[in-house]
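Residue numbers (our numbering), protein chains in the order written: chain A, 11 to 291; chain B, 11 to 291; chain C, 11 to 291; chain D, 11 to 291.
Remarks on the structure that follows.
Protein chains: 4
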Amino acid sequence: MHEYHLNISCPDKPGIIATCTSFLSNLDVNIVDLKQHSSHDINTFFLRAHFESAKTINKAEFSSEFTSVASEFEMKWDLHSLDRLHRVGVMVSKTSHCLYELLLKNQDGELKCEIPCIVSNHKDLEPVAKHFNIPFYHVPSTISKAEQEVEFEKIAQRHLLDTWVMARYMQILREEFTSKWPGQIINIHHGFLPAFKGAKPYHQAWNKGVKIIGATAHYATQDLDQGPIISQDVISVEDEASIAEFVEMGKDIERRVLLKAIKLHIEHKIFIREGRTFLIG
Amino acid sequence: MHEYHLNISCPDKPGIIATCTSFLSNLDVNIVDLKQHSSHDINTFFLRAHFESAKTINKAEFSSEFTSVASEFEMKWDLHSLDRLHRVGVMVSKTSHCLYELLLKNQDGELKCEIPCIVSNHKDLEPVAKHFNIPFYHVPSTISKAEQEVEFEKIAQRHLLDTWVMARYMQILREEFTSKWPGQIINIHHGFLPAFKGAKPYHQAWNKGVKIIGATAHYATQDLDQGPIISQDVISVEDEASIAEFVEMGKDIERRVLLKAIKLHIEHKIFIREGRTFLIG
Amino acid sequence: MHEYHLNISCPDKPGIIATCTSFLSNLDVNIVDLKQHSSHDINTFFLRAHFESAKTINKAEFSSEFTSVASEFEMKWDLHSLDRLHRVGVMVSKTSHCLYELLLKNQDGELKCEIPCIVSNHKDLEPVAKHFNIPFYHVPSTISKAEQEVEFEKIAQRHLLDTWVMARYMQILREEFTSKWPGQIINIHHGFLPAFKGAKPYHQAWNKGVKIIGATAHYATQDLDQGPIISQDVISVEDEASIAEFVEMGKDIERRVLLKAIKLHIEHKIFIREGRTFLIG
Amino acid sequence: MHEYHLNISCPDKPGIIATCTSFLSNLDVNIVDLKQHSSHDINTFFLRAHFESAKTINKAEFSSEFTSVASEFEMKWDLHSLDRLHRVGVMVSKTSHCLYELLLKNQDGELKCEIPCIVSNHKDLEPVAKHFNIPFYHVPSTISKAEQEVEFEKIAQRHLLDTWVMARYMQILREEFTSKWPGQIINIHHGFLPAFKGAKPYHQAWNKGVKIIGATAHYATQDLDQGPIISQDVISVEDEASIAEFVEMGKDIERRVLLKAIKLHIEHKIFIREGRTFLIG
């Protein structure tokens, strides 16, 4: 059995879902899970279907047949085959908790992707990469950002990457790079965005006396810490906690939020519309 | 525009969803929201569709047309018109927090049902009923349970009730009554079921030293506190909290959980299968 | 038995707690609950003691005896008698959910204060005040803010208010007023501060695509939505939720957060230092 | 500076806290953090003080001086020096998520203990022990329980263990062993106790249709899954989740709950009274 995800969004009007499911039915596939939602606030129809097929579906053929339906309803759509595992490159600096989380969860079969390479501007985490038998690339900050990003592109091509994950990678990527990977770079911010953008968010939070701290995974764009939010989580903090304890507690939320964001992304449950995400399914 | 909910469950096999959505499409209706899920653990297909129609749909006609589809797939199904508000009778004893919650939320238009009557074995909450202009029936525990339940049936007929809600009604209903209202009596238990069944759950919880307490809304059946669970929620408690404070904190969870259960029930999002519920949508 | 709260904060150094508890011991009182914490981040000692005394403690006498201890350690301190219930004036506009929460919880004996008056710039909630037998003052926005605030002062004097609570009072108080009630005006903001200050926070949150919304209770100061945060809480939201549903869900958090803030304030568990609060106890 | 924790519990009466803090003051120590609470439900006074001393405090000397105070108030008390790190032996079987959590958190300096040895009835996790440079002992289930427990005692003596942690160790310890380590063996149960005792708790939970699953860390006693509860946490589950997903989600709660329990235990914040725990501080 071959599995596929079909994602569709378009202006809302009657008949879209019947048209789509009939189209799929004629392809002789079995819909395993289908979620459809229309957002009245932006008059947009969203559909995500997970289906199985006995024979392989060629994307070009699918496209040529589906195109009349798609243009009738002004759809943005995409078809994803699950035959090939999603390939995720991980960028790190010196902090290990997010990296370990991704590697352990993937080792246990819970993340369901390939992690073919780890890239870092430091050498500190090379032993972790080695423990999990994953190629490690040291791309130091001593060379220019432009040169670093050339390296990243080479690594991405060599390992056929679909997505980059910044697992506490403490460098800012230039617009030249992020614009080539739209909706394909996931970053984790150790603050509850949109509050506490930028540096030292836990210090900001402590000084403000907030009672709840959080972390935010989002797509990296040219606007620092402003990209579409994928997932967030929070934890209550006591006022007796020190700034150092905020940092400590925050690490658990960071790794959990980042892991969840990657899962949702890989399962094609995230739609980006109007500068924000919509999780369907 | 007329709105409807169509709920379907059946053994899982290919083609169900396309068949259903095509059927609806031929009726010239617009599907606003559709959620479909197949549970592999019990090989069951679930579908809930919310659709709009310019003309009224007659349930008998719908049924006669849909019957061949339904029997082909061995469906259990139901069609609910939203033209008429769901009618909920509330049973209470002396405690007011759940009753106030239902009445206030309904007054604010958030519960979206009719509450045409309040029934109690005590007179304490009659002023609350009066404040909200709702008929109040005193059915005292001095008469037998059988006689009380005769009264309940009369009240249900007079007010065309669809569902009973036990909003901290501290009497046990007999099987003779619950079996006439299958999946139509919602009870709130002030414990986190299946732990702490029966009386004084907060005392049980305190003595056990649990760190989290909860409440559970479930359908009332002949087995006390064993009916299918509709919704649950919990709150962390500090060990410095007294039993009295457990009771106090629990009240907030009880009203929240009960309200949520009623909402889900009214929106026809709850399927009962294999002695448990499945929330779809 | 008479009960008291003693609150102390000062620069941290050895011996403070022994000095204080010995002082109390010599007064022949029984300490029921004592929490002490030193914040290393700001080198500050905090202590909150709840004690009982067979005889009434005169605050002036206590002060004259305690003054040498207090000045030795450069303490800020306060002694609160629980013989007299805290008196809270409630300001509202048209929205009832926070007001009902305060009145119901106080009626059930859970809030443990007096609510001797309700003030509003509209007449909409007068029936609620009447249902709970509480004097209602209509201070319309047609008169100037200065005139309104004169009325508030008169009402506060007549009812011997200790604290004002803005229970979704949709007017901004001028600095002339807030500066007379430092740490004595509690406001509820329907956003998760410091994000989403100002108007329509739920719209801001929806457009940003946040996955968690919240509410914040804080002391009102001249800086709009910037006063020290007392309590916060959040709820996860699904992306399928509309802006209207954000507003609906937010109401539950608002009333919960506001209630908690009032309780903490009345129990003298809130210290304001360095522009933020510290909850001790 | 030397640091100590002093834990005291006794029947509640006036003057205990002043007596204790004066006693400490005379020893010329500085109290950093003190939490005192009296539980009215069982008339018991609890105190936990964290203090610093320039000179080492000899426990025998402390005891001989403190004994008159202690017997006057019928105290149970203990003094713990922080000069020596708490030594924790970890028991595992084949599942690695709890073990990794303990080792990673300890490596990051967040757990603040020594983990001098790992013991297992299988060899699967030996490479993990090796990666963190910790001695690994294989004590197979092929020998009798009595023989295994003799091995455990030898290992405990060799490594001067204070506490055993069963990090998903899937064997039952006999009363002969647990009774020698009262309040010193921490177990993690993958269910929300007291519900779902025994085997396959996630299956039990799924079949019951609960909406929230959890995990419980408790002290191991002769009664299986009945020992005093140290910490608990929960996660909401969707009805669309399969049993397999319950297991997956549960792993995150298990490791989090176990870690928290160990931290609280090491910080001497757990008192066992009346068959349950009280967390003070």
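Think of the CB as a built atom: it goes at the ideal place given N, C-alpha and C, for glycine as much as any other residue.
These figures come from a predicted structure and were not determined experimentally.
Check                                                                                                                                                                                           : Outcome
What does DSSP give as the partner residues of A/Gly99 in its beta bridges?                                                                                                                     : A/Cys127 and A/Trp174
Report yes if the C-beta distance between C/His90 and C/His15 is below 8 Å; otherwise report no.                                                                                                : yes
Residues in its own chain within less than 6 Å of C/Ile222 by CB, not counting five upstream and five downstream?                                                                               : Val244 and Ser246
In whole angstroms, what separates the C-alpha of D/Lys155 from that of D/Ser35?                                                                                                                : 50 Å
Round the Cβ separation of C/Asn116 and C/Ile125 to the nearest angstrom and send it over; I've been treating them as touching at under 8 Å.                                                    : 6 Å
Could you tell me the alpha carbon to alpha carbon distance between D/Ile338 and D/Ala230, rounded to whole angstroms?                                                                          : Past the boundaries of the shown model lies residue 338 of chain D; chain D is included only from 11 to 291, so the question cannot be answered.
Note the first and the last residue of the continuous beta strand (DSSP E) segment covering A/Glu161.                                                                                           : Not the beta strand (DSSP E): A/Glu161 falls in the alpha helix (DSSP H), residues Lys155 to Arg168.
Can you tell me the Cα-Cα spacing of B/Glu284 and D/Glu250, whole angstroms?                                                                                                                    : 14 Å
Just to confirm, is the Cβ distance from A/Val267 to A/Ile198 under 8 Å?                                                                                                                        : yes
Please list the terminal residues of the continuous beta strand (DSSP E) segment that includes A/Gln46.                                                                                         : Asn40 to Ser49
Note down, in chain order, each residue of its chain lying with its Cβ closer than 8 Å to the Cβ of C/Tyr329, except the 5 sequence neighbours on either side.                                  : Here chain C has residues from 11 to 291 only, and residue 329 of chain C is not among them.
Starting from the C-beta of C/Val39, find all residues in its chain whose C-beta is less than 6 Å away, skip the five residues before and the five after it, and write them out in chain order. : Phe61 and Ser63
Using a Cβ-Cβ cut-off of 8 Å, state whether B/Gln299 counts as contacting chain A.                                                                                                              : Given a span of 11 to 291 for chain B in the structure shown, any question on residue 299 of chain B remains unanswerable.
Provide the residue span of the alpha helix (DSSP H) that contains B/Thr77, from first to last.                                                                                                 : Lys69 to Glu82
Since C/Val244 sits in a beta bridge, which residues does DSSP pair it with?                                                                                                                    : C/Gly224
Answer with yes or no whether the minimum CB distance from A/Ala166 to chain B is below 8 Å.                                                                                                    : no
Determine whether the beta carbon atoms of C/Asn17 and C/Phe281 lie at a separation below 8 Å.                                                                                                  : yes
Just how far apart, CA to CA, sit A/Ile7 and A/Glu159?                                                                                                                                          : Outside the shown range of chain A (11 to 291) lies residue 7 of chain A, about which nothing can therefore be said.
Taking any Cβ of chain B, which residues in the segment 106 to 124 of chain C have a Cβ under 8 Å from it, in chain order?                                                                      : Ser106, His107, Tyr110, Leu114, Asp118 and Glu120
For C/Ile253, which residues in the same chain have their Cβ closer than 7 Å to its Cβ, ignoring the five residues on either side in sequence?                                                  : Tyr212, His213 and Trp216
Just by C-beta distance, which residues in the segment 14 to 33 of chain D are closer than 7 Å to chain C?                                                                                      : Pro24, Gly25, Ile27, Ala28, Thr31 and Ser32
Mind listing the chain E neighbours of B/His141? Cutoff is C-beta to C-beta under 8 Å, in chain order.                                                                                          : Checking the listed chains, one finds no chain E in this structure; the protein chains it contains are A, B, C and D.
Return the chain-ordered list of same chain residues with a C-beta closer than 8 Å to the C-beta of D/Ser2, the five sequence neighbours on each side being excluded.                           : In this structure chain D extends from 11 to 291, so residue 2 of chain D is not present and cannot be described.
Check whether the Cβ of C/Glu62 lies closer than 8 Å to any Cβ atom in chain B.                                                                                                                 : no
In angstroms with no decimal places, state the Cα-to-Cα distance between C/Glu82 and C/Gln236.                                                                                                  : 34 Å
Please name the residue or residues paired with A/Lys86 in a DSSP beta bridge.                                                                                                                  : A/Ser19
Which residue wins for smallest C-alpha separation from B/Gly292, given the options B/Leu112, B/His275 and B/Glu264?                                                                            : Any property of residue 292 of chain B remains undetermined from this structure, which presents chain B solely from 11 to 291.
Taking only beta carbons into account, state which residues of the segment 246 to 263 of chain B come closer than 9 Å to chain C, listed in chain order.                                        : Glu250, Glu258, Lys261 and Asp262
D/Thr287 to A/Lys65, Cα distance in whole Å?                                                                                                                                                    : 59 Å
Which residues mark the beginning and the end of the beta strand (DSSP E) in which D/Leu57 is found?                                                                                            : Thr54 to Ser63
Would you list the residues sitting across from A/Tyr14 in a DSSP beta bridge?                                                                                                                  : A/Phe61 and A/Ser91
Among residues of its own chain, excluding the 5 on either side of C/Lys261, which ones have a beta-carbon nearer than 7 Å to its beta-carbon?                                                  : His107
Just to confirm, are D/Leu92 and D/Val100 a CB contact at a threshold of 8 Å?                                                                                                                   : no
Chain A partners of C/Asp51, CB-CB under 8 Å?                                                                                                                                                   : Trp216, Ser252 and Ile253
Please identify the residue among B/Lys207, B/Thr31, B/Val98 and B/Asn143 whose C-alpha is closest to the C-alpha of B/Lys273.                                                                  : B/Val98
Classify B/Leu170: buried if its beta carbon has 16 or more other beta carbons within 10 angstroms, exposed otherwise.                                                                          : exposed
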